[in-house]
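If you're matching positions, the sequence shown starts at 658 in the working numbering and goes up one per residue. For every residue, glycine included, the Cβ atom is placed at its ideal position computed from N, Cα and C. The structure appears right after this line, and notes come after that.
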Amino acid sequence: MVIKSWIKYLFFLFFVVIEVNSSSAQSARSYINDGVDLYNKEKFADAEVNFKKGLDKNYDTFEGHFNMGDALYKQGRYDEALQAYKNAYALTDSDYKRSKVLHNVGNALLKGQKVKESIEAYKNALKLDPNDLDTKYNLSYALNMLKNQQQNQQQNNQQNKDRQNQDQQQQNQNDQQKQDQQQQQQKQQQRKDQISKEEAQRILEALKNNEEDIQKELRKRQGKVVQKAKDW
658 MVIKSWIKYL FFLFFVVIEV NSSSAQSARS YINDGVDLYN KEKFADAEVN FKKGLDKNYD
718 TFEGHFNMGD ALYKQGRYDE ALQAYKNAYA LTDSDYKRSK VLHNVGNALL KGQKVKESIE
778 AYKNALKLDP NDLDTKYNLS YALNMLKNQQ QNQQQNNQQN KDRQNQDQQQ QNQNDQQKQD
838 QQQQQQKQQQ RKDQISKEEA QRILEALKNN EEDIQKELRK RQGKVVQKAK DW
């Protein structure tokens with residue numbers, strides 16, 4: 658969807674607002690007219706140069722600043738274009754002219770990904786010129802873009818939340834596995850310790866049994882009758 662941009666409209670009013678008898682005005686008019694010609698040939702950087710020369714001769718011209726904004730806009734220099742439109746806005750009391758400035762302000766803001774601000778600019782433009790179809794079109798476009806951005810943001814937030822939940826669940830599983838391993842190791846160690854005690858007990862029992870056998874043997878030897886030798 659192409660953003661409709663209101664441009665070059667006030668070039669036709671240029672001859673009305675500059676006094677013919679003023680040499681500076683005539684020089685400014687010449688430069689700005691040359692800028693218009695270059696702009697129409699899509700030589701936007703050259704057009705900018707001529708608009709700047711015209712403003713150097715006569716800074717307080719609405720057309721010079723407005724057209725400068727268009728040339729900067731076409732070069733993708735949206736912040737500079739906004740400043741030029743701001744200058745143009747301050748140089749007119751006409752609701753109609755101001756509505757066109759605000760329309761282009763909305764375009765520059767939208768191109769700069771400042772969607773909410775562009776919506777406000779389009780709304781303000783329509784307050785001054787409610788019948789401007791191009792501004793209505795761009796406002797609708799910006800509102801739809803904002804809606805999509807909000808939906809995408811909500812989706813991203815949900816995905817981040819789901820990812821965090823998954824990470825937490827994985828961490829919990831890892832912690833549980835680690836705890837189970839520790840418990841298993843403790844049980845194995847306890848079994849080892851128990852075996853060692855049992856072995857020690859068997860050794861003691863064996864020693865005890867061996868000692869009893871020895872005592873029995875000694876008692877047998879002590880109680881045995883020694884036969885007297887025969888008298889030959």
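Sequence-distant residues of its chain with Cβ nearer than 8 Å to residue i (five each side left out)
{"i": "F708", "result": "Y688, I689, G692, G721, N724, M725, A728"}
{"i": "A799", "result": "G763, L767, V772, S775, I776, Y779"}
{"i": "N822", "result": "none"}
Presumed contact (8 Å Cβ cut-off) between residue i and residue j, rounded CB distance
{"i": "Y730", "j": "N761", "result": "7 Å"}
{"i": "A783", "j": "L803", "result": "It should be pointed out that residue 783 corresponds to Leu in this sequence rather than to Ala. In fact, because the Cβ distance is near 16 Å, the residues do not count as touching under 8 Å."}
Proximity of residue i and residue j at Cβ, strictly below 8 Å
{"i": "A685", "j": "N715", "result": "yes"}
{"i": "A765", "j": "Y735", "result": "yes"}
{"i": "F719", "j": "A745", "result": "yes"}
{"i": "L896", "j": "A704", "result": "This structure leaves residue 896 out entirely; the chain is present only between 658 and 889."}
With 16 other Cβ atoms within 10 Å as the buried cut-off, status of residue i
{"i": "A702", "result": "exposed"}
{"i": "Y753", "result": "exposed"}
{"i": "G733", "result": "exposed"}
{"i": "N788", "result": "exposed"}
{"i": "A863", "result": "exposed"}
{"i": "R755", "result": "buried"}
{"i": "L861", "result": "exposed"}
{"i": "L759", "result": "buried"}
Of the residues the options, the one placed nearest residue i, counting alpha carbons only
{"i": "D717", "options": "Y742, G733, K818", "result": "Y742"}
{"i": "D786", "options": "K757, N795, N809, Q810", "result": "K757"}
{"i": "Q770", "options": "Q806, Q840, K700", "result": "Q806"}
C-beta neighbour in chain D for residue i, strict 8 Å
{"i": "A747", "result": "The chain inventory of the structure shown lacks chain D, comprising one protein chain alone."}
7 Å Cβ shell around residue i - same chain, five flanking residues per side excluded
{"i": "T749", "result": "F719, R755"}
Contact set for residue i: own chain, Cβ-Cβ below 6 Å, skip 5 residues either direction
{"i": "N817", "result": "none"}
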